[in-house]
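Peer 1:
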Amino acid sequence: MYLLETLRGLRRTPAFTAVAIASLALGIGANTAVFSFVNAILLKQLPVPQPERLVELPHVLKMETLQALVDRATAFDGLFGRFGKAVNFGAGDSSQWLLAELVTGQYFKTLQIQPAIGRFLNDQDVRNAVADPVCLLSYRLWQSQLGGDPSVLNRKVSLNGHWYRVLGITPPDFHGAELQRNFDVVAPATRIGDFMPAFSGSTGIDWTKTLSWLSPMARLKPGVTKQQAQAQLNEVLRQIDSRRSDISLEDGSQGFDTMRSRFGKPVIVLMAVVGIVLLVACTNLANLLLARAHKRAKEFAIRLSLGSSRGQLIRQLLIESLVLALAGGALGILLSFWVSQTLVVFLNAGRSAAAALHISPDPRVLAFAVLLSFATATLFGLVPAWQATRPSLLPGLKEDGATGSGRLNRAVLWRLLVVLQIALSLVVVFAAGLLARTLRNLQTVDLGFQPAQVIAFNIDPVASGHSAAESSRIFDELLARARSLPDVKAASLAASTPSGASAVSLSVAVPGYTSKRPGDTVVDFNCISPQYFETLGQPRVLGRDFSGSDNANSPRVAIVNERFVQHYFAGHNPVGRKIQQGGGDLEIVGVVKNARDRDLRDGPKEELYVPEGQAQTSGLTLLVRVNQNPARVLSLLPSVVRGIDARTPVYSVHTLDVDVDAGMTSERILGYLSTLFAALATLLAGIGLYGVLAYSVARRTREIGVRVAIGAQRCDVAGLFVRETLLLVFFGMASGVPLAFASISTIRSLLFGLTPTDPPTLLASISALGLAACFATALPVWRATRVDPIQALRHE
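Numbering (this note's numbering), first residue to last: 134 to 929.
(1) How long is the line joining the alpha carbons of Q671 and D891, rounded to whole angstroms?
(2) For R145, is the classification buried or exposed, using 16 other Cβ atoms within 10 angstroms of its Cβ as the cut-off for buried?
(3) Kindly list the residues whose CB is nearer than 7 Å to the CB of C848, restricted to its own chain and excluding five residues on each side of it in sequence; keep chain order.
(4) Please determine if the region 569-576 and the region 796-804 are in contact, where contact requires at least 3 C-beta pairs separated by less than 8 Å.
(5) Work out the CA separation of L639 and F658 for me, nearest whole Å.
(6) Check for me: the alpha helix (DSSP H) holding T668 runs from which residue to which?
(7) In the DSSP assignment, the beta strand (DSSP E) including Y784 goes from what residue to what residue?
(8) So is F863 buried or exposed if we call it buried at 16+ other beta carbons inside 10 Å?
(9) Tell me the DSSP secondary structure of P744 in three-state form.
(10) If you draw a straight line from the C-alpha of S485 to the C-alpha of Q449, how long is it?
(11) Return the Cβ separation of M404 and F168 in integer angstroms, given the expectation that the two are a contact with Cβ distance under 8 Å.
(12) Could you say if the region 396-410 and the region 163-180 meet the contact criterion of at least three C-beta pairs nearer than 8 Å?
(13) From the DSSP output, which residues share a beta bridge with D384?
(14) Does the beta-carbon distance from V285 to P321 come in below 8 Å?
(15) Evaluate the contact criterion for the region 581-597 versus the region 899-916: three or more CB pairs, one atom per stretch, below 8 Å.
(16) Give the C-beta separation of R324 and L235 to the nearest angstrom, bearing in mind that I take them to be a contact with Cβ-Cβ under 8 Å.
(17) Taking one C-beta from the region 204-211 and one from the region 266-282 each time, how about it: are there three or more such pairs within less than 8 Å?
(18) Go ahead and pull the three-state DSSP assignment for A219.
(19) Would you identify the three-state DSSP class for Y646, choosing helix, strand or coil?
(20) On the CB-based measure, 16 or more other CB atoms within 10 Å of its CB, does L382 come out buried or exposed?
(21) If we call anything under 8 Å between Cβ atoms a contact, is R932 one with G444?
(22) Spatial neighbours of S597 within its chain, please: C-beta separation below 8 Å, excluding the five flanking residues on both sides.
(23) Do you know offhand how far R916's Cα is from I837's?
(24) Let me know if H705 comes out buried or exposed under the rule of 16 or more other beta-carbons within 10 Å of its beta-carbon.
(25) Compare the C-alpha of Y297 against each of G581, W230, T788, N287 and name the closest.
(26) Leaving out five residues on either side along the sequence, give the residues of the same chain with a beta carbon under 7 Å from the beta carbon of V914.
(27) S680 to I692, Cα distance in whole Å?
(28) From R673 to R614, what distance separates their C-alpha atoms?
(29) Does the region 299-316 come into contact with the region 172-179, if we say contact requires no fewer than three beta-carbon pairs (one atom in each stretch) closer than 8 Å?
(30) To the nearest angstrom, how far is it from the Cα of F513 to the Cα of Q200?
(31) With a threshold of 7 Å on Cβ separation, who are the neighbours of E368 within its own chain once the five nearest residues in sequence on each side are excluded?
(32) Apart from the five residues on each side of it in sequence, which residues of its chain come closer than 7 Å, Cβ to Cβ, to L193?
(33) Roughly how many angstroms lie between the CA atoms of R731 and V188, to the nearest whole one?
(34) Under 8 Å between C-beta atoms, does V839 make it to chain B?
(35) Going by beta-carbon coordinates alone, are I802 and G462 separated by less than 8 Å?
(36) Does DSSP put L353 in a helix, a strand or coil?
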């Protein structure tokens, strides 16, 4: 009965119903969308049994160190290491670029999952993999590329041109040990040489023993605490290397998840912002419900006089609030799907398709939306319902439907709600201004190189089974052909770029330098060919560039950046000096200016560059600087590679600006979306202010008529309501400024080049809200000045 009556009542007031549902849909939809990311990035766990028992060792380890931990650390019920690598996967006549995990033997024992079909690899498989290469495929790959054929077991598939026997298929919901990436292949870590030639031992150095490259994870035994396991772990590590400092175990329930550290705080900030927007929307709902209840005051008085109880009326109004909230929530859930996909596009900017976010409306997200709708209906429908059912019977039966005290109480409540809206809106607008200016500051920071008009794409001849010598020949020919293309100014090869993936870190020894802290001698390492600095537009300060004569038969040389010189040589000229790395000497032949890496907030790091001809590597990035628009050259380069070797895969073709932009993904999300939510909050606050003034004009129509009748001018009438607006805005701003300062101090670490109390941003935020207030009050004030005194004096 209550529900049918509510639906009939809402149908009779379509404007009120539409505005209320739209306001709630925007607030609930934005909250649900952002909560989807909070859920995916901060709350979801690996789809494995008891993920809370998993712990992550926050340092990469050598293979022999990892094996020592497996043998001696008895606190763990399984411990493994893994290394992620893009591979060229071939089955039959087709091939594609996929992500693979190279793992040690206790990978599946530690995760405790069961295969969809077949079996998982174990320690023996990993030890025997040199002679008998085996792998596992993801359920997704099995279904999409192999048609779910159960005879796939023991079939041979190609990984980087090497044949592997399929042992089994992983579970449908398992995508690897990183929660937000798709790993479609699992292979033994002992086959690393198939994917990284430098690890094959062909250079005379066994990098698997000299480099730390495996990311470890373990499962605690039942009854063993993380503190007990940590104490035993550090004891074993000290037995292996007495110089090693203690490490702390970290939560591994989400796997090796870089999303959590990169986007965790931004999505929490967004959640707080949209929460405030929802509060503003709900205060609008409360105002609308108060206005609706005021118009129905006579109806409520009649009901009370006929025997209805106050509780029955409150239930009726609460059901009305609940219907509005559920309708807004349902529409908001649909809206959240679109917002979520937009956010996914932002987060995946510059990433491969394999690095996809797994965002879906799971039961936790849907429950959040439903609970939010119920909470909205209850909290912001109860006060208007309580207020609406308070009028005395006799005054309530009058035609105007309100008493003097009732009007006063409602007017005060309306104004308090508007003041709250303005205060909350100022917090959102000020935060959005700071985050937008942070994005602008990062976009204009000096990178130390010039990414504009630089094309970059990755090639890896090893992925097609080519030897190191063949790969070197392909790289040399590609470089020569790229430099001969029209409109190409310079071209070079590099293992990494400043704005791309992080460079490899290696330890160096500098004669005469004494280490001051652990890790003090670790530098970023890059392998490049001649013209690299010319291609990037990174100026050379001292010495020379690399040349074609810097090859495997010549003395080893290196170029360093200014930061390296300042740190290790106290700013003195290092050209001609020698440093040690990898068991041999390198002579410094040049110095270049500093360049910022992917994390633009950090200052420049110590960089060591070595010639590509003296360091064997697998996949390299071809960099090409063009004189004008890069589109034409961009379309030609893949065909140039195919002309040299049709089997060599080409991937991630883009301009270097894309990498720079990808480094600001979280800042772009915060800047763009907070600005959008700030505009929404401002709009809602303006609607609230308009509603209060429109009600005030309607309530004071008779007063306006009297004033005009005794000689008041239009400007005098306008002044009445302008002063009322100024008071509401003033109190809203006065409340909002300290609230904004208190709130913004919590996001200090997200700002760049700004303080949390930045005066220009605060002034701009106050001005924006003030301008919105002017637009909101213009129509009610204009209507007040157009009141006909004759009609007004007849108004009840």
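Each residue gets a CB set at the ideal place from its N, CA and C atoms; glycine is no exception.
Peer 2: With the given structure in hand:
(1) 33 Å
(2) exposed
(3) none
(4) yes
(5) 6 Å
(6) 665-669
(7) 783-788
(8) exposed
(9) When secondary structure is reduced to three states using DSSP, P744 falls in the strand class.
(10) The pLDDT assigned to S485 is 44, lower than 50, so where the model puts this residue is not dependable; a value taken from the coordinates is nonetheless given after this. Taking the straight line joining both Cα atoms gives about 54 Å.
(11) 7 Å
(12) Of all C-beta pairs linking the region 396-410 to the region 163-180, three or more are shorter than 8 Å, placing the two stretches in contact.
(13) V188
(14) In this structure, V285 sits away from P321, with a CB-CB distance that is not shorter than 8 Å.
(15) no
(16) 7 Å
(17) No contact exists between the region 204-211 and the region 266-282.
(18) In the three-state reduction of the DSSP assignment, A219 falls in the strand class.
(19) coil
(20) Under this definition L382 is a buried residue.
(21) For the chain, the structure presents residues 134 to 929; residue 932 sits outside this window and is missing.
(22) N221, N293, G294, D778, R780, T781, P782
(23) About 11 Å.
(24) exposed
(25) N287
(26) A851, F854, V855
(27) 12 Å
(28) 25 Å
(29) The region 299-316 makes contact with the region 172-179; the number of CB pairs closer than 8 Å reaches 3 or more.
(30) 60 Å
(31) none
(32) A small correction: the amino acid at residue 193 is Val; Leu does not occupy that position in the sequence shown. Contacts found: S345, W346, L347, S348.
(33) 28 Å
(34) The structure shown contains no chain B; it is built from a single protein chain.
(35) no
(36) strand
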